[in-house]
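Engineer:
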Amino acid sequence: MSQTIIKHIPNGFEHWAIQRSSAITLFVSLMSIFIFSTNGFLIGFLTLFIVLIHFESGVETIINDYTHNPASIEMSFLLLDLLIIYVSKSIFLVALF
Numbered sequence: 001m002s003q004t005i006i007k008h009i010p011n012g013f014e015h016w017a018i019q020r021s022s023a024i025t026l027f028v029s030l031m032s033i034f035i036f037s038t039n040g041f042l043i044g045f046l047t048l049f050i051v052l053i054h055f056e057s058g059v060e061t062i063i064n065d066y067t068h069n070p071a072s073i074e075m076s077f078l079l080l081d082l083l084i085i086y087v088s089k090s091i092f093l094v095a096l097f
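Residue numbers (the numbering used here): 1 to 97.
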């Protein structure tokens, strides 16, 4: 039953849902940093990863909307994924040391 429902949902809905849920989670985590600053490191670390998810979803939407050449789309997605991996590793290393 759920598989048939998922098949009828447009592909853009997934980006929309990720974008909205990451924005809400980002807002809640930022508010919790300002209100409850006792464990700000952990919440801040998680907030940076939520920012990455939100950023990636937004840039993917821009690439899909404004790029029409399939080779350019694939290259853009590859470069975006490499950028996200690099930034994730950098955040982890900065948090580690």
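The C-beta atom is built at its ideal place from N, Cα and C for all residues, glycine as well.
Just so it is clear, the structure is predicted and the values come from calculations on it, not from any experiment.
1) What's the C-alpha gap between MET1 and PHE49?
2) So which of TRP16, HIS15, LEU42 and VAL51 has the shortest CA-CA distance to THR25?
3) Assign GLU56 to buried or exposed, taking buried as 16 or more other Cβ atoms, counted over all protein chains shown, within 10 Å of its Cβ.
4) Less than 7 angstroms between the C-beta atoms of ILE35 and ILE43, yes or no?
5) Less than 7 angstroms between the beta carbons of SER21 and ILE53, yes or no?
6) Excluding five sequence neighbours on each side, which residues of the same chain lie with their C-beta closer than 6 angstroms to the C-beta of ASN69?
Structural biologist: Let's see:
1) Locating residue 1 in the sequence shown gives position 1, where the first residue counts as 1. Locating residue 49 in the sequence shown gives position 49, where the first residue counts as 1. Confidence at MET1 is low in this model, with a pLDDT of 45, below 50, so the placement of that residue should be treated as unreliable; the coordinate-derived value is given next. Using only the alpha carbons, I get a separation of about 33 angstroms.
2) Stepping through the sequence shown from its first residue, residue 25 is reached at position 25. Per the Cα distances, VAL51.
3) Working through the sequence shown from its first residue, we reach residue 56 at position 56. Classified as buried, GLU56 has 16 or more neighbouring CB atoms from the shown chains inside 10 Å of its CB.
4) On the sequence shown, residue 35 is found 35 positions in, with the first residue counted as 1. On the sequence shown, residue 43 is found 43 positions in, with the first residue counted as 1. Cβ atoms of ILE35 and ILE43: not closer than 7 angstroms.
5) On the sequence shown, position 21 is the one that residue 21 refers to. On the sequence shown, position 53 is the one that residue 53 refers to. Not in contact: SER21 and ILE53 (Cβ atoms no closer than 7 angstroms).
6) One-based indexing of the sequence shown puts residue 69 at position 69. Excluding sequence neighbours, ASN69 sits near nothing in its chain.
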